[in-house]
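A.B. asks: Pasting a structure below so you can have a look.
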Amino acid sequence: MQYIDEYRKKELILAVSKELKEISKQPITLMEVCGGHTMAIHRFGLHALLPPAIRLISGPGCPVCVSSQHFLDTAIACSKIPGAIITTYGDLIRVPGSVSSLEKEKANGHDIRIIYSVLEAVEMAKVNPDKKIIFLGIGFETTAPATAAAIVEAGKANLLNFFVLSAHKVMPPVMKALVDDGIKINGFIAPGHVSAITGTTIYNDLPKRYGLGVVITGFEPVDLMLAILMLVRQFESKDPKVEIQYQRVVHVEGNKIAQALLTKVFELKDDRWRGLGIIPGSGLKIRSAFADFDAEKHFTVHVPEPVDPKGCICGSILRGLKAPNECRLFATVCTPSDPVGACMVSGEGTCATYYKYRS
Amino acid sequence: MKTGEEKILLSHGNGGRMMHQLIENLFIKYFSNSILEEQTDSAILQIDTPEIAFTTDSFVIDPLFFPGGNIGKLAVCGTVNDLAVSGAIPRYLSVSFIIEEGFAMKELEVIVSSLAEEARKANVSIVTGDTKVVNKGKCDKLFINTTGIGSVRNENRLISNALDFSAGDVIIINGTIGDHGMAVMSARESFNFKSQVTSDCASLNHLIREVLDRSSSVKFMRDPTRGGVATVLNELAGKTGMGIDIDETALPLSRGVTAMCELLGFDPLHIANEGKVLIVANQEEGKHILEIMKKNELGVHSAIIGRITNDHPGKVVLKTETGGSRIIDTLTGDPLPRIC
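Protein sequences appear in the order of chains V and U.
Just so it is clear: in the first sequence, position 113 is 340 by the working numbering, and no numbers are missing.
Just so it is clear: in the second sequence, position 200 is 276 by the working numbering, and no numbers are missing.
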């Protein structure tokens, strides 16, 4: 299949692996920020192809995993509002909140539907004027423009029953927060699809202020191996910079239309991240001009301060400080069929990935 | 049969005149055979072997119609295949319908007609049945249960017990995987996605009979339905305590299924099939079986996809196309599409 087969060629992967082994001299730690990258690295068994000096750690780029328990508890509370239909992307429904999950609430008779595109929720609002359609907006700059477009569309259609509960987040503040927090890494394998929207200038601070290399890459094994090679080259030549490996998708300026939509509908807010606490300017709040579509403004639900599940080290995992197999719950108490923390739920969560691809 | 706007009413299931009309004009018309036509409370059956295979399955699929089939065809294939992979020759089926009040008669007729056609193809007789109509909202349009009886020859009776495995035995499948699950998913109303994927829904009893008639070395057979190939292989590894190696490059996959799985983040090994059988045999006999299967229209794309091994006991390991390897687990919960 085009755009896949050529990026999975064994000989290319092995050639990059060989070059890495030749040029990699000093120990180097790289963080793959995006959950999709974590998945691909494990799925294609890339660890085995890297020289021992290269260490990869997983970052906070799984949207389901970083959505706070408070958000989930709010979503669950919203599902109990009379006439509400909760619409959500798939993975979220299994994430445990403080006392329940959306999956359990669905079994209790609340109307919770998995959708593939936010525009389905808009359509649902049009044909169910007597229902309140609440879309759970999660994800980074990748999914947020679609939510913005849906809000604009709902505005044009004068819908009074379409709402978004936004837990959308932006990437750069959390990457900086991790470094400020003292995490010891030498470079970022930066997210491909976030960067397709934002462009690459959002990362310019990282080499300048922190001396960290940044390479934006795709999700196929050749992409990832090349990105690692580029980061090792930067590191060995002490020349950290922002580079794009994923040139077939990502450009310096990003997607201007999507950026304009984001700015039109959302503004930055301080936001809660699971395991990381509140990070200034890291979340997307619906602007007051679109307050009619803001579930937080429209509905009053009371959610108690959440308690983190006992023994779960999701926070340290999302910060790249620990690996899943360092958690005493991993693969014993906490499994994909009975997850304790969010990292075990999403297909792109670090724990679920380690579980699925454990050997 | 009247068609057009006619709807199923509660009276169609109340035992009275309308129900008898429905039975006469629809079920007897399509399923006709001498046993059914006797219309006694129980069907009296003849069977040619001392032992029988007996299985049941309920079908609650949404949507009722999908590319490559509908709930009627599926209700036959599912039960026929369960009998066939047990080494039995499927002979008789019962069919029960639970219908939601207001269901379109026209759609019911299409479904009943497909069911009858598939039963004819599979050479099984529908000998008894039941119809219930429930109030609107008390079931989702139409549920079907089929129960099947098959005759079992002595030489085939232990075929699904997975005895006598040894390292080097090969695992064969009769074609592409994941087609049914992806076809059904793409047919869902909410799925705004056009695809060319067609369900593989088919009765496998003739294919399986050809294999069993011409080879006495089949060590195991199972149809990888819900949970996909991965789930059957994990059960097998668990039961036998042997390891299983699967070769990713050998897996038969249609382009449509590959594309949908890439897009949605699914593993085709976890996606349901309704016309596939996994067969284990020793290496030499495996090649012979593969040749037999390839000559059948339901086995044109048959392939050896893996081997039994003494390594990693109880685990299924996929040798990836890029030269790595990873464990393939049983599916947990429903496959959920990824976010981005």
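Backbone N, C-alpha and C fix where the C-beta goes; we use that ideal spot for every residue, glycine too.
As the structure is a computational prediction, the values presented were derived from the model and not from experiment.
Nearest to residue 146 of chain U by CA position, among U:97, U:83, U:130 and U:218, is which residue?
C.D. replies: On the second sequence, position 70 is the one that residue 146 of chain U refers to. Among U:97, U:83, U:130 and U:218, the Cα nearest to that of residue 146 of chain U belongs to U:218.
A.B. asks: Which residues, taken in chain order from the segment 233 to 244 of chain V, show a beta carbon closer than 8 angstroms to some beta carbon of chain U?
C.D. replies: Against chain U - using a Cβ distance shorter than 8 angstroms - the residues of the segment 233 to 244 of chain V are 235, 237, 240 and 241.
A.B. asks: Would you mind listing the alpha helix (DSSP H) stretches within the segment 489 to 557 of chain V that are 4+ residues and don't spill past its ends, in chain order?
C.D. replies: Those alpha helix (DSSP H) runs which fall completely within the segment 489 to 557 of chain V and span 4+ residues are 522 to 525 and 541 to 545.
A.B. asks: In the structure shown, what three-state DSSP assignment does residue 260 of chain V receive?
C.D. replies: Counted from its first residue, the first sequence places residue 260 of chain V at position 33. Strand.
A.B. asks: At 4 residues or longer, what runs of the alpha helix (DSSP H) sit wholly inside the segment 322 to 361 of chain U?
C.D. replies: Runs found: 331 to 340.
A.B. asks: Below 9 angstroms between beta carbons: does that hold for residue 406 of chain V and residue 437 of chain V?
C.D. replies: Here residue 406 of chain V refers to the residue found at position 179 of the first sequence. Here residue 437 of chain V refers to the residue found at position 210 of the first sequence. Yes.
A.B. asks: Along chain U, which residues have their Cβ under 8 angstroms away from the Cβ of residue 275 of chain V?
C.D. replies: Position 48 of the first sequence, counting from 1, holds the residue named residue 275 of chain V. The answer, in chain order, is 400.
A.B. asks: Enumerated in chain order, which unbroken segments of the beta strand (DSSP E) with a length of 3 residues or greater are wholly contained in the segment 127 to 189 of chain U?
C.D. replies: Fully enclosed beta strand (DSSP E) runs of 3 or longer: 127 to 135 and 164 to 176.
A.B. asks: Would you call the segment 413 to 429 of chain V and the segment 354 to 361 of chain V in contact, with 3 or more CB pairs under 8 angstroms?
C.D. replies: Contact fails: fewer than three Cβ-Cβ distances are below 8 angstroms.
A.B. asks: Flag residue 532 of chain V as yes if its beta-carbon sits less than 9 angstroms from any beta-carbon of chain U, otherwise no.
C.D. replies: Counting from 1 along the first sequence, the entry for residue 532 of chain V is found at position 305. No, residue 532 of chain V does not count as interfacial toward chain U.
A.B. asks: Given 8 angstroms as the limit, is there contact between the segment 291 to 307 of chain V and the segment 554 to 570 of chain V, that is, 3 or more CB pairs closer than that?
C.D. replies: Touching, yes.
A.B. asks: Look at residue 575 of chain V and residue 265 of chain V and say whether their C-beta atoms are less than 9 angstroms apart.
C.D. replies: Taking the first sequence and counting its residues from 1, the one referred to as residue 575 of chain V is at position 348. Taking the first sequence and counting its residues from 1, the one referred to as residue 265 of chain V is at position 38. Taking 9 angstroms as the Cβ cut-off, residue 575 of chain V and residue 265 of chain V qualify as a contacting pair.
A.B. asks: Could you have a look at residue 306 of chain U and say whether DSSP puts it in helix, strand or coil?
C.D. replies: Translated into positions along the second sequence, residue 306 of chain U becomes position 230. Note: residue 306 of chain U maps to helix in three-state DSSP.
A.B. asks: With DSSP as the reference, label residue 374 of chain V as helix, strand or coil.
C.D. replies: Along the first sequence, read from residue 1 onward, the residue named residue 374 of chain V stands at position 147. Residue 374 of chain V falls in the helix class under three-state DSSP.
A.B. asks: Does DSSP put residue 124 of chain U in a helix, in a strand, or in coil?
C.D. replies: Position 48 of the second sequence, counting from 1, holds the residue named residue 124 of chain U. DSSP places residue 124 of chain U in coil when its eight states are reduced to three.
A.B. asks: Output needed for residue 113 of chain U: all residues of its chain with C-beta closer than 8 angstroms, excluding positions within five of it in sequence on either side, in chain order.
C.D. replies: Locating residue 113 of chain U in the second sequence gives position 37, counting from the first residue. If we look at residue 113 of chain U and ignore the five residues flanking it on each side, its Cβ neighbours are 104.
A.B. asks: Going along chain U in order, which residues have a C-beta closer than 9 angstroms to the C-beta of residue 287 of chain V?
C.D. replies: Within the first sequence, the letter at position 60 stands for residue 287 of chain V. Those do not exist, as residue 287 of chain V stays about 14 angstroms from chain U at its closest Cβ, beyond 9 angstroms.
A.B. asks: Since residue 221 of chain U sits in a beta bridge, which residues does DSSP pair it with?
C.D. replies: Mapped onto the second sequence, residue 221 of chain U falls at position 145. U:134 and U:172, per the DSSP bridge assignment.
A.B. asks: Candidates U:249, U:117, U:354 and U:198: which alpha carbon is nearest residue 377 of chain U's?
C.D. replies: Against the second sequence, residue 377 of chain U aligns to sequence position 301. Here the closest residue by C-alpha is U:249.
A.B. asks: List the endpoints of the continuous alpha helix (DSSP H) containing residue 613 of chain V.
C.D. replies: Any property of residue 613 of chain V remains undetermined from this structure, which presents chain V solely from 228 to 586.
A.B. asks: With 9 angstroms set as the bound, which would you pick, yes or no: does the beta-carbon of residue 326 of chain U sit closer than that to a beta-carbon of chain V?
C.D. replies: Counting from 1 along the second sequence, the entry for residue 326 of chain U is found at position 250. Chain V contact via Cβ: absent.
A.B. asks: Helix, strand or coil for residue 446 of chain V? Go by DSSP, reduced to three states.
C.D. replies: Mapped onto the first sequence, residue 446 of chain V falls at position 219. Looking at residue 446 of chain V - three-state DSSP - the assignment turns out to be coil, as it is neither helix nor strand.
A.B. asks: Between which two residues does the beta strand (DSSP E) harbouring residue 259 of chain U extend?
C.D. replies: Against the second sequence, residue 259 of chain U aligns to sequence position 183. Where residue 259 of chain U is concerned, there is no enclosing beta strand (DSSP E), although the alpha helix (DSSP H) it sits in stretches over 255 to 263.
A.B. asks: Kindly indicate if chain U contains any beta-carbon less than 9 angstroms away from that of residue 266 of chain V.
C.D. replies: For the purposes of this step, residue 266 of chain V is taken as residue 39 along the first sequence, with counting starting at 1. Yes, because at least one Cβ of chain U sits closer than 9 angstroms to the Cβ of residue 266 of chain V.
A.B. asks: Using beta carbons (cut-off 9 angstroms, strictly below), is residue 231 of chain V in contact with chain U?
C.D. replies: On the first sequence, residue 231 of chain V is found 4 positions in, with the first residue counted as 1. Yes - at least one Cβ of chain U is within 9 angstroms of the one on residue 231 of chain V.
A.B. asks: Let me know if residue 259 of chain U comes out buried or exposed under the rule of 16 or more other beta-carbons within 10 Å of its beta-carbon.
C.D. replies: Taking the second sequence and counting its residues from 1, one reaches residue 259 of chain U at position 183. Buried.
A.B. asks: Run through the segment 393 to 470 of chain V for me and flag every whole alpha helix (DSSP H) of 4 or more residues, listed as ranges in chain order.
C.D. replies: Segments of the alpha helix (DSSP H) lying fully in the segment 393 to 470 of chain V: 399 to 407, 419 to 425, 432 to 437 and 448 to 463.
A.B. asks: Among the residues of its own chain, which have a CB less than 7 angstroms from the CB of residue 396 of chain U, if the five just before and after it don't count?
C.D. replies: The count along the second sequence starts at 1 and reaches residue 396 of chain U at position 320. Contacts found: 324 and 402.
A.B. asks: Alpha carbon to alpha carbon, what distance is there between residue 312 of chain U and residue 195 of chain U?
C.D. replies: The residue labelled residue 195 of chain U in the question sits at position 119 within the second sequence. The residue labelled residue 312 of chain U in the question sits at position 236 within the second sequence. So the alpha carbons of these two residues sit roughly 30 angstroms apart.
A.B. asks: In the DSSP assignment, what are the bridge partners of residue 205 of chain U?
C.D. replies: The sequence position of residue 205 of chain U within the second sequence is 129, counting from 1. Answer is U:171, bridged to residue 205 of chain U.
A.B. asks: Flag this pair as yes or no: are the beta carbons of residue 489 of chain V and residue 347 of chain V separated by less than 9 angstroms?
C.D. replies: Locating residue 489 of chain V in the first sequence gives position 262, counting from the first residue. Locating residue 347 of chain V in the first sequence gives position 120, counting from the first residue. Their beta carbons are not under 9 angstroms apart, which means residue 489 of chain V does not touch residue 347 of chain V by this criterion.
A.B. asks: Let's test the definition: count the other Cβ atoms within 10 Å of the Cβ of residue 339 of chain U and tell me whether it reaches 16, buried, or not, exposed.
C.D. replies: Here residue 339 of chain U refers to the residue found at position 263 when the second sequence is read from its first residue. With fewer than 16 Cβ atoms within 10 Å of its Cβ, residue 339 of chain U is classed as exposed.
A.B. asks: Among V:467, V:546 and V:524, which has the Cα closest to the Cα of residue 500 of chain V?
C.D. replies: Counting from one through the first sequence, the residue named residue 500 of chain V turns up at place 273. Looking at the Cα atoms, V:546 is the closest of the given residues.
A.B. asks: Using beta carbons (cut-off 9 angstroms, strictly below), is residue 360 of chain U in contact with chain V?
C.D. replies: Residue numbering aside, residue 360 of chain U sits at position 284 when the second sequence is read from its first letter. It does not: the Cβ of residue 360 of chain U has no partner Cβ on chain V nearer than 9 angstroms.
A.B. asks: Assess, as a yes-or-no matter, whether the segment 112 to 126 of chain U is touched by the segment 206 to 214 of chain U under the definition of 3 or more beta carbon pairs within less than 8 angstroms.
C.D. replies: Segments in contact, no.
A.B. asks: Give me the chain V residues within the contact set of residue 338 of chain U, using Cβ-Cβ distance strictly less than 9 angstroms, ordered along the chain.
C.D. replies: Locating residue 338 of chain U in the second sequence gives position 262, where the first residue counts as 1. Within chain V, the residues near residue 338 of chain U are 228 and 231.
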